[in-house]
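Just so we're on the same page, our numbering is the position in the sequence shown counted from 1, plus 260. Each residue gets a CB set at the ideal place from its N, CA and C atoms; glycine is no exception.
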Amino acid sequence: MPNQFSDEGHSYIGMWVTRDGYIRHELLPNGRYDEARGNKLSAYQGTYTITENHIDYVDDTGFTADGDFRKDVLYHAGMILYREVK
261 MPNQFSDEGH SYIGMWVTRD GYIRHELLPN GRYDEARGNK LSAYQGTYTI
311 TENHIDYVDD TGFTADGDFR KDVLYHAGMI LYREVK
């Protein structure tokens, strides 16, 4: 699996959410992700790899998607997700 960390030690691991909170992508440190949609927890699950600022997803059914991180925002399949800050 490609390195999850940039040269600065920055990590994309964590929760990413749409502005309305409807879509939630949790990027886990083991290379898996868990996506919630609305009230449906674990709507999609699968693996991901990150190369530089690009992410590739493969869900457990074999469906693939990708996205790009730009200035701490994730652009994925027409959606814009923001890092959840606790």
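Point to revise | Own chain residues within Cβ distance below 6 Å of histidine 314, not counting five before or after | key: Mapped onto the sequence shown, residue 314 falls at position 54. Answer for histidine 314: Asp328, listed in chain order.
Check your understanding: With burial defined as no fewer than 16 other Cβ atoms inside 10 Å of the residue's Cβ, what is the status of tyrosine 282: buried or exposed?
Key -> The residue labelled residue 282 in the question sits at position 22 within the sequence shown. Result: exposed.
Exercise for review: Assuming glycine 338 and threonine 309 form a contact by the criterion Cβ under 8 Å, report the distance between their Cβ atoms to the nearest whole angstrom.
Suggested key: Translated into positions along the sequence shown, residue 338 becomes position 78. Translated into positions along the sequence shown, residue 309 becomes position 49. Contact flag wrong, Cβ pair sits at about 21 Å.
**Study point:** As assigned by DSSP and simplified to three states, the class of valine 318
**Key:** For the purposes of this step, residue 318 is taken as residue 58 along the sequence shown, with counting starting at 1. Three-state DSSP puts valine 318 in a strand.
Point to revise | Buried/exposed call for arginine 343, threshold 16 Cβ in 10 Å | key: Translated into the one-based positions of the sequence shown, residue 343 becomes position 83. Arginine 343 should be labelled exposed.
**Study point:** Option in Arg330, Thr311 and Ala303 with minimal Cα separation from threonine 321
**Key:** As a working note, residue 321 is residue 61 in the sequence shown. The candidate whose alpha carbon is nearest that of threonine 321 is Ala303.
Exercise for review: Could I get the ranges of all uninterrupted beta strand (DSSP E) runs contained in the segment 288-314, with 3 residues as the minimum, in chain order?
Suggested key: 292-297 and 300-311
Check your understanding: What is the DSSP secondary structure of valine 277, reduced to helix, strand or coil?
Key -> By one-based count along the sequence shown, residue 277 stands at place 17. Looking at valine 277 - three-state DSSP - the assignment turns out to be strand.
Review point. Where tyrosine 272 and aspartate 280 are concerned, what is the direct C-alpha to C-alpha distance, given to the nearest angstrom?
Key: In the sequence shown, the residue the question calls residue 272 occupies position 12. In the sequence shown, the residue the question calls residue 280 occupies position 20. About 20 Å.
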